[in-house]
Amino acid sequence: MLTGKKAVIFDLDGTLIDSMWVWAELDRVYMKKYNLTPPSGFSKQLEGKSYTETAQFFLDVFPDLPCTLDEIKEEWLHMTKELYRTKVELKPGVREFLVDLKKRHILTGIATSNTRELVEITLRELGIINYFDVIRTACEVERGKPFPDVYLKVAEDLQVSPRECLVFEDVPKGIEAGKNAGMQVCAVEDYFSKEERAKKKEQADFFIQTYDQIAKETYERCRK
Numbered sequence: 015m016l017t018g019k020k021a022v023i024f025d026l027d028g029t030l031i032d033s034m035w036v037w038a039e040l041d042r043v044y045m046k047k048y049n050l051t052p053p054s055g056f057s058k059q060l061e062g063k064s065y066t067e068t069a070q071f072f073l074d075v076f077p078d079l080p081c082t083l084d085e086i087k088e089e090w091l092h093m094t095k096e097l098y099r100t101k102v103e104l105k106p107g108v109r110e111f112l113v114d115l116k117k118r119h120i121l122t123g124i125a126t127s128n129t130r131e132l133v134e135i136t137l138r139e140l141g142i143i144n145y146f147d148v149i150r151t152a153c154e155v156e157r158g159k160p161f162p163d164v165y166l167k168v169a170e171d172l173q174v175s176p177r178e179c180l181v182f183e184d185v186p187k188g189i190e191a192g193k194n195a196g197m198q199v200c201a202v203e204d205y206f207s208k209e210e211r212a213k214k215k216e217q218a219d220f221f222i223q224t225y226d227q228i229a230k231e232t233y234e235r236c237r238k
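Per this note's numbering, the sequence shown starts with residue 15, numbered consecutively.
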């Protein structure tokens, strides 16, 4: 999996950390507060969007929402910050894998749709922020996932070519973004995308249940 790779780039939510439940709970509470009824397929349409794109999508779908774009983003941050700081945990084997990457002198980056404040709070609390050479959010590039912009930006910052990068992602839109960037992608199992496991395996170059599998070399090489 790591043969010929100079950099590994991770998505954050659902990939490095178990945090997708936070957003499911936020949607539930937020919808109830403003008496919003999501249309069919609403959650799926949010996949891959940046933090700012998601807030704008809420305004587009719910034009009567009595909030500005910045107010939505600030309220979501207020609702999620403490949960990220105290309740979100690393996925099994992540810390050990990051240590191994440093020993191999492989560069590391994060390319996330989340907001930078939540990313940095979480990584500091989990004690892994120093393992990453570059952190970029989709709000810092022109387009969110499945466009490749954020992955290409991380590769540019790391000064490596896309073909020398391996991406870890948990959802189809994220996998698509990595592939669109010309990178190999390893799909990561996550409870909140379990119904799309077959699609993830079809899209990705590799598939793991946990990061422990990498050390044991029991990951699945996806067949095309």
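Every residue gets a Cβ at the ideal spot worked out from N, C-alpha and C, and that includes glycine.
- Taking the C-beta atoms as reference points, A191 is found no nearer than 8 Å to S64.
- Inter-residue distance for D226 and T232 is about 9 Å (C-alpha atoms, whole angstroms).
- Under the 10 Å beta carbon count, S175 is surrounded by fewer than 16 other beta carbons and is classified as exposed.
- Beyond the five residues adjoining it in sequence on each side, T68 comes within less than 7 Å, by CB distance, of L60 in the same chain, given in chain order.
- A125: member of the beta strand (DSSP E) spanning L121 to T126, first to last residue.
- With a cut-off of 8 Å on Cβ pairs, the stretch 123–130 is in contact with the stretch 156–167, counting three or more such pairs.
- In this structure, the beta-carbon distance from C200 to M45 does not fall below 8 Å.
- For T151, there is no enclosing alpha helix (DSSP H); the residue is found in the beta strand (DSSP E) stretching over V148 to T151.
- A residue is called buried when at least 16 other Cβ atoms come within 10 angstroms of its Cβ; T82 does not meet this threshold and is exposed.
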